[in-house]
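J.: Residue numbers (this note's numbering): 8 to 213.
Note that the Cβ used here is the ideal one computed from N, Cα and C, for glycine as well.
Every value quoted in this text rests on a predicted model; they were computed, and no experiment measured them.
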Amino acid sequence: MKDSTPNFKKFLIDVISNDGAHGRWLNTLSFMEYLGCRKIVKSQHSLGLSYKILEHIHEEAGHALLFKKWAMSLNPKTYSYTTKSTIGLEASEEYFQNLDRYIESFKMSSLLNYCYVTYLVEMRATWAYQIYSQVIAASAHQFSFKGLLKEEDQHLKEMTQWLEANDPNFSKNKIKHLNFENEQYKILIKHYQNEIQAQTPQPLSP
Ligand SMILES: [Fe+2]
Ligand SMILES: [Fe+2]
Numbered sequence: 008m009k010d011s012t013p014n015f016k017k018f019l020i021d022v023i024s025n026d027g028a029h030g031r032w033l034n035t036l037s038f039m040e041y042l043g044c045r046k047i048v049k050s051q052h053s054l055g056l057s058y059k060i061l062e063h064i065h066e067e068a069g070h071a072l073l074f075k076k077w078a079m080s081l082n083p084k085t086y087s088y089t090t091k092s093t094i095g096l097e098a099s100e101e102y103f104q105n106l107d108r109y110i111e112s113f114k115m116s117s118l119l120n121y122c123y124v125t126y127l128v129e130m131r132a133t134w135a136y137q138i139y140s141q142v143i144a145a146s147a148h149q150f151s152f153k154g155l156l157k158e159e160d161q162h163l164k165e166m167t168q169w170l171e172a173n174d175p176n177f178s179k180n181k182i183k184h185l186n187f188e189n190e191q192y193k194i195l196i197k198h199y200q201n202e203i204q205a206q207t208p209q210p211l212s213p
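#1: Taking the CB atoms as reference points, tell me whether T90 and N34 lie closer together than 7 angstroms.
#2: Give me the residue from H162, N173, M39 with the minimum Cα distance to Q104.
#3: Any heavy atom of ligand 1 closer than 6 angstroms to the Cβ of H70?
#4: Could you have a look at D21 and say whether DSSP puts it in helix, strand or coil?
#5: What is the DSSP secondary structure of Q191, counted as helix, strand or coil?
#6: How about C44 and E67: do their beta carbons lie closer than 7 angstroms?
#7: Measuring only from the beta carbon, is E129 closer than 6 angstroms to any heavy atom that is part of ligand 2?
#8: Looking only at its chain, what residues have a beta carbon closer than 6 angstroms to the beta carbon of N14, apart from the 5 residues adjacent to it on each side?
#9: DSSP on D174, reduced to helix/strand/coil?
#10: With DSSP run on the structure shown, which of helix, strand or coil describes S151?
#11: State the DSSP-derived secondary structure class of T85, mapped to helix, strand or coil.
#12: Which residues bound the alpha helix (DSSP H) around S37?
#13: Do you know offhand how far H148's Cα is from G95's?
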């Protein structure tokens, strides 16, 4: 992930320089958090829902709401999730679907599937939000990532501990799965960058 950091930082600096685009970016993060939340709900049987999983659903919905609030404070047109009020809406959904399909192809139990997909997403989210919080801290924006980072960090710890205890091949498997996620991330960030570049007014040629 480290080698992707300068590129992601540059993307963030470009995005936050314009309130309209920044609002759409925040709305995209809200959408991703909502998808993450919905994914957990769909993967669980209602009657067997544990305290921990219910807490996880609650926190992911909270993240979606937090990003939505920030998005709407910069760009009031972000009240819903549309292609115009987000960045790379379809590519974002595809990122999740591809992770799901990939993990499902290993024919593990539904609990292992849930934990692996969540582990991959939490790894990416923790990385991305840490960089985003640094970029925001160096800007005039007042958004605080403290609570969000703490919760994502906790989710990642829980998933890692559970996978370590339940998959005897975790240390080998995680490298393979993280590599796949990294490829999917690169496709996704390219979509985001292309969309932002296409909408940035180009300087007039002399
Ligand atoms: Fe989250
Ligand atoms: Fe999370």
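T.: Reading it off the structure:
#1: Going by C-beta atoms, T90 is not nearer than 7 angstroms to N34.
#2: Measuring from the Cα of Q104, the nearest candidate turns out to be M39.
#3: Distances between the C-beta of H70 and the heavy atoms of ligand 1 include at least one below 6 angstroms.
#4: In the structure shown, D21 falls within a helical segment according to DSSP collapsed to helix, strand and coil.
#5: DSSP places Q191 in helix when its eight states are reduced to three.
#6: Going by C-beta atoms, C44 is nearer than 7 angstroms to E67.
#7: Closer than 6 angstroms to some heavy atom of ligand 2: that describes the Cβ of E129.
#8: Nothing listed; no residue qualifies.
#9: Coil at D174, not helix or strand.
#10: If DSSP states are grouped into helix, strand and coil, S151 belongs with coil.
#11: In this structure, T85 counts as helix in the three-state DSSP scheme.
#12: 26-50 is the span of the alpha helix (DSSP H), which, as asked, contains S37.
#13: A straight line joining the alpha-carbon of H148 with that of G95 spans about 23 angstroms.
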